[in-house]
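Take 5 as the starting number for the sequence shown in our numbering and just add one per residue.
All C-beta atoms in this analysis are idealised placements derived from N, C-alpha and C, irrespective of residue type, glycine included.
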Amino acid sequence: MNLIRKMDDSNITKAPFLKRVGWMAVIWGGSVLALFVVATAFHLLMFAAGMRSH
């Protein structure tokens, strides 16, 4: 029995378009959220160190 199959276009199934776009939106939203968390942490650290804008 051959356990390793050749990968070609005949045995690859594509996910539905909305599912692919949904995953892209989830990954994009997660990256934006992660950037917000890091930026907020830097902002709080700078504020704690006395770097205020006013």
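- Rounded to the nearest whole angstrom, the CA to CA distance from Val-42 to Gly-34 is 12 Å.
- DSSP places Arg-56 outside both helix and strand once states are collapsed to three, so it counts as coil.
- Going by C-alpha positions, Ala-38 is about 15 Å away from Met-28.
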